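As given, the protein sequences belong to chains A and B, one line each in that order. Mapping the first sequence onto the working numbering, position 189 (from 1) lands on 189, and the numbers just tick up by one. Mapping the second sequence onto the working numbering, position 81 (from 1) lands on 309, and the numbers just tick up by one. Reading through the structure tokens given below for one structure.
2 protein chains.
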Amino acid sequence: MQSDGALARELRHHYLFAALSDAQRERLLASAVGRAFAEGEQLFGHGDAAACFFLLRRGCVKLYRLSPEGDEKIMRLIRPSQTFAESVLFMEAPRYPVHGEGVEAGELIAFDRETFLGILRESFATCCAVMAQMALRIQAHWDEIETLALQNSRYRVVHYLLGLLPPGAEGRVTVTLPARKMVIAAHVAVTPETLSRTLRSLSDERLIEVAGDEVTILDVDRLRRHMH
Amino acid sequence: MQSDGALARELRHHYLFAALSDAQRERLLASAVGRAFAEGEQLFGHGDAAACFFLLRRGCVKLYRLSPEGDEKIMRLIRPSQTFAESVLFMEAPRYPVHGEGVEAGELIAFDRETFLGILRESFATCCAVMAQMALRIQAHWDEIETLALQNSRYRVVHYLLGLLPPGAEGRVTVTLPARKMVIAAHVAVTPETLSRTLRSLSDERLIEVAGDEVTILDVDRLRRHMH
DNA sequence: CGATCGCCTTGATGGTCATCAAGCTTGCCC
DNA sequence: GGGCAAGCTTGATGACCATCAAGGCGATCG
């Protein structure tokens, strides 16, 4: 990848790469590939051999799985400056465990797995960053498994809305849905119809107001309590 | 913890500790605590401050969460020689993300978090083992999330049964359920009634035979294909 | 041996949410 | 502007599974 000053600076402030020396960052960038992608463009398929992990710079990517019937469940929606597919770093036979596809055109960096593993060997601090990252991911998974197993669709939608809030938000707050409603629905594991109905019933109860992809939470605390 | 030759040998063959030097293993064991527990005994609660991670030597432990209504979802069933709660190693403010409770009386080792982190710093190979372990766990989570989101209860039960098989099993195989059926039900996120009915209907279709906690899969391939 | 207690099974009922099928709104292009 | 397509909404219906309730079965204990 061409040396790009802006990118190098970006990496220096990314928690995953912050602990690297300039030489290591150089080495990593030399083995990395930049790539633009379009909306709807497939980045990799579930089961494809994996030689890279990624950093999203612009746009939006969905990681998802398909049921045999073709139903889609979005596992993660990636936003700029997030990394994804790190776990292929540590697989014996690295294969992507999900499909990856652009939801909104953008640009990403593909880092070479082997190169990064070599760097990890030299940087315990970066090892720690990776492990901390994976630990966070595991936490998030448990939350999601709990939500899917124990809660109904209304709860999942409310939970999702609350998850969009900036930390510490209170009172009346407006959030923007990060993607089309169909995409959100596939993320919270309901049909678009059910999502629509749930938002309507929350509106009817004067808990939220919906205008396109802008959702206003009228009272954060009240919504938190209203989960059941 | 008292030096215990058998335990030291056990650790040497455990993938997570295999790469340690004798001195490191000594150090780790010196900071570890053995603990026996009874069926139904609480080991730690969701949200408790966490200073240890664990290796199960005998018995069975469930990691679970509770909904506000008291419904239980078992996230993992731990069996001897498995480690658990490793992810607390890397949290800033370490707290157990689930409840832990004995399902079958047994014995475990609690390793000191700080000591192990110190050892990780010295052993890149062990870092790799930990990261590989976490990557596997993440994989398993994806599978579970997919199953919960996209599949019905029948599929989940079949999937669970197939997961009990030794790798490469074919034709007619008998497996033993690793816990009471109520526990299995909480694991696959159905009620005991539904589990019972599902097993019955699988029996009626001559896909399996059930006798107490022994389940005979009459034809592994046929069961795989019959998921829908 | 009969009584009791858990666990599991079986049956009847209802709620939740997916599905199917129209309409509606919005943006886009000729 | 008219026409179309895509996404969203709304309504009617039904499948799936939880719930409630009762009965069976095995283990333990006096």
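In this text, a Cβ means the ideal position worked out from N, Cα and C, and glycines have one as well. Quick caveat, the model's predicted, so the values are computed rather than measured.
Three-way DSSP call (helix, strand, coil) for residue i in this model
| i | result |
| --- | --- |
| Glu-398 (chain B) | coil |
| Gly-233 (chain B) | helix |
| Thr-444 (chain B) | strand |
| Ala-110 (chain A) | strand |
| Gly-268 (chain B) | coil |
| Glu-437 (chain B) | strand |
| Arg-225 (chain A) | helix |
| Arg-197 (chain A) | helix |
| Val-190 (chain A) | coil |
| Arg-35 (chain A) | strand |
| Gly-45 (chain A) | coil |
| Ala-105 (chain A) | strand |
Beta-carbon proximity of residue i to residue j, cut-off 8 Å
| i | j | result |
| --- | --- | --- |
| Leu-390 (chain B) | Arg-452 (chain B) | yes |
| Gly-102 (chain A) | Phe-44 (chain A) | no |
| Thr-343 (chain B) | Leu-244 (chain B) | no |
| Arg-384 (chain B) | Val-418 (chain B) | yes |
| Gly-399 (chain B) | Val-448 (chain B) | yes |
| Leu-378 (chain B) | Ser-67 (chain A) | yes |
| Ile-337 (chain B) | Gly-262 (chain B) | yes |
| Leu-29 (chain A) | Leu-7 (chain A) | yes |
| Arg-285 (chain B) | Gly-233 (chain B) | no |
| His-141 (chain A) | His-369 (chain B) | yes |
| Phe-53 (chain A) | Phe-124 (chain A) | no |
| Leu-376 (chain B) | Ile-145 (chain A) | yes |
| Ile-184 (chain A) | Leu-202 (chain A) | no |
| Gly-100 (chain A) | Leu-55 (chain A) | no |
| Phe-90 (chain A) | Cys-356 (chain B) | yes |
| Leu-117 (chain A) | Ala-179 (chain A) | no |
Nearest-angstrom Cβ-Cβ length linking residue i and residue j, presumed shorter than 8 Å
| i | j | result |
| --- | --- | --- |
| Ala-332 (chain B) | Glu-267 (chain B) | Before going on, a small fix: residue 332 (chain B) reads as Glu here, not Ala. Indeed they touch by this definition, with Cβ atoms about 6 Å apart. |
| Arg-341 (chain B) | Ala-277 (chain B) | That pair is no contact at about 11 Å. |
| Asn-75 (chain A) | Val-98 (chain A) | According to the sequence shown, residue 75 (chain A) is Met rather than Asn. Contact flag correct, Cβ pair sits at about 6 Å. |
| Arg-307 (chain B) | Lys-301 (chain B) | Not a contact, Cβ separation roughly 19 Å. |
| Arg-197 (chain A) | Leu-207 (chain A) | Between Leu-207 (chain A) and Arg-197 (chain A) the Cβ distance is about 14 Å, and since that is not below 8 Å, they are no contact. |
| Leu-165 (chain A) | Val-175 (chain A) | 6 Å |
Rounded separation between residue i and residue j - CA only
| i | j | result |
| --- | --- | --- |
| Ala-51 (chain A) | Val-88 (chain A) | 8 Å |
| Val-173 (chain A) | Thr-216 (chain A) | 6 Å |
| His-274 (chain B) | Glu-86 (chain A) | 27 Å |
| Asp-213 (chain A) | Tyr-160 (chain A) | 14 Å |
| Ala-410 (chain B) | Glu-421 (chain B) | The identity of residue 410 (chain B) in the sequence shown is Met, whereas the question assumes Ala. Rounded to the nearest angstrom, the two C-alpha atoms are 9 Å apart. |
| Arg-121 (chain A) | Gly-168 (chain A) | 38 Å |
| Gln-139 (chain A) | Ala-19 (chain A) | 24 Å |
| Gly-70 (chain A) | Gln-42 (chain A) | 16 Å |
| Met-362 (chain B) | Asp-204 (chain A) | 44 Å |
| Ala-321 (chain B) | Ser-309 (chain B) | 27 Å |
| Ser-381 (chain B) | Arg-428 (chain B) | 13 Å |
| His-14 (chain A) | Ala-360 (chain B) | 23 Å |
| Glu-26 (chain A) | Met-455 (chain B) | 50 Å |
| Ala-23 (chain A) | Leu-136 (chain A) | 28 Å |
| Ser-259 (chain B) | Gly-287 (chain B) | 23 Å |
| Arg-240 (chain B) | Asp-143 (chain A) | 34 Å |
Contact test: residue i Cβ vs the ligand FAD heavy atom, cutoff 7 Å
| i | result |
| --- | --- |
| Val-401 (chain B) | Questions concerning the ligand FAD fall outside what the structure shown contains, since it holds no ligand whatsoever. |
Output the residue ranges of the beta strand (DSSP E) runs that lie fully inside the segment 277-327 of chain B and measure 3 residues or longer, sorted by chain position.
Assignment of beta strand (DSSP E) within the segment 277-327 of chain B, counting only whole runs of 3 or more residues, yields 280-294 and 300-306 in chain order.
Whole runs of the alpha helix (DSSP H) within the segment 350-379 of chain B, excluding any shorter than 4 residues
Under the rule that a run must span 4 or more residues, the alpha helix (DSSP H) segments found entirely inside the segment 350-379 of chain B read 352-378.
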